[in-house]
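Here's the structure, in structure tokens; my notes come after.
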Amino acid sequence: MTFRGSFSCDACQGAMQMTLDEAIQPQHQGCGYIQWQKESLRLLETDLGGEILQRLQQISAYREQFACHLCGACCRLASQDADYATLLQRAAAGDDFARQFTSVFLPYPSREAARQKAPDLVATVLAETVEEPEGTEQVFFYHCPYVGEDNRCTVYGTEKRPAICQSYPETPLVFIQPKCAWQPWKQETHPQTLMAHALLQVSEQLRKRLQSALSL
Ligand code: SF4
Ligand code: SF4
Ligand SMILES: [Zn+2]
526 MTFRGSFSCD ACQGAMQMTL DEAIQPQHQG CGYIQWQKES LRLLETDLGG EILQRLQQIS
586 AYREQFACHL CGACCRLASQ DADYATLLQR AAAGDDFARQ FTSVFLPYPS REAARQKAPD
646 LVATVLAETV EEPEGTEQVF FYHCPYVGED NRCTVYGTEK RPAICQSYPE TPLVFIQPKC
706 AWQPWKQETH PQTLMAHALL QVSEQLRKRL QSALSL
């Protein structure tokens, strides 16, 4: 976006002082900056988008070097920032993650019940996620009924097992318990994953606005 200086328009006096927000608005007919908008769009769709995706693919490939040791912890205790009713509402409103999550996970009847099942894990989640003002709960605990006695997934390979389980722990939002086999991978790659997702989001917004400015 900084190469705007290579473009010029006689009609747009002081265009170099344009903010990015102004520069991605529709321009007047024949404006020299329309070429800049086209070039920016091309860069977003090819070079930049490709680079971010490539980086995410590398992070994903690196994950293959670690292997789940079947402790079952991620199925027996998952945490979310919302209670079950809210997750169901999100799912009904089209939130795909919430839809997948509620298709298998059930809430613990109380925090105490979760604590009895996995005291260390509940304590770690509470210490590492949000601060809860006295007397409130901001974190909610869930378990999946499909985990077997041997810690294996009893719906493995069926349609019942949602994609979020298949791609676990490859989501920037998930809490990974300290003893999980993928904790070292997560620690190493988390900042880059977050950055890549943020860049993707920003570039997607810019791409849409440029497309609309260019009436594409
Ligand atoms: S569906 Fe299988 S992998 Fe997913 S949480 Fe349940 S038991 Fe675990
Ligand atoms: S917590 Fe990690 S190591 Fe344990 S079962 Fe889940 S993915 Fe595997
Ligand atoms: Zn102009």
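FYI, the numbering for the sequence shown is 526 to 741, going by the numbering used here.
Where a beta carbon is used, it is the ideal one built from N, C-alpha and C, also for glycine.
In this model, residue 547 and residue 537 are separated by some 12 Å (Cα to Cα). In the DSSP assignment, residue 533 falls outside any alpha helix (DSSP H) and carries neither an H nor an E.
Three or more Cβ pairs closer than 8 Å define a contact, and the segment 639–658 falls short of that threshold against the segment 613–630. Separation of the CB atoms of residue 585 and residue 729 is rounded to 19 Å, and the pair is thereby denied contact status at 8 Å. Rounded to whole angstroms, residue 708 and residue 702 show a C-alpha spacing of 7 Å. In the displayed model, residue 629 falls within a helix according to three-state DSSP. Distances from the CB of residue 702 to the heavy atoms of ligand 2 include at least one below 7 Å. By the C-beta criterion, the segment 682–691 is judged not to be in contact with the segment 549–568, since fewer than 3 inter-stretch pairs fall below 8 Å. For residue 671, the secondary structure class from DSSP, reduced to helix, strand or coil, is coil. Per DSSP, residue 614 is not a residue of any beta strand (DSSP E); the alpha helix (DSSP H) it occupies stretches across 609–617. Near ligand 1, residues with a Cβ at less than 6 Å from any of the ligand's heavy atoms are 600, 629, 669, 671, 672, 678, 680, 686, 690; the list follows chain order. Of all alpha-carbon atoms in 534, 735, 705, the one lying nearest the alpha-carbon of residue 600 is that of 705.
Residue 568 and residue 592 have their C-alpha atoms spaced approximately 37 Å apart. In this structure the segment 595–611 touches the segment 656–668; the number of beta carbon pairs closer than 8 Å is three or more. Ranked by how close their Cα comes to the Cα of residue 581, the residues 719, 741, 727 have 719 in first place. Just so you know, the alpha carbons of residue 680 and residue 691 end up roughly 11 Å apart.
The set of residues with any CB-heavy atom separation to ligand 3 below 6 Å comprises, in chain order, 534, 536, 537, 552, 553, 556, 557, 558.
At a Cβ-Cβ threshold of 8 Å, residue 557 and residue 533 count as neighbours. Not one heavy atom of ligand 2 sits closer than 7 Å to the Cβ of residue 639. For ligand 2, no non-hydrogen atom lies closer than 7 Å to the CB of residue 715. Between residue 732 and residue 570, the CB-CB gap stays under 8 Å. Short note on residue 561: C-beta not closer than 7 Å to any heavy atom of ligand 2. Of the candidates 636, 670, 672, the residue whose Cα lies closest to the Cα of residue 660 is 636.
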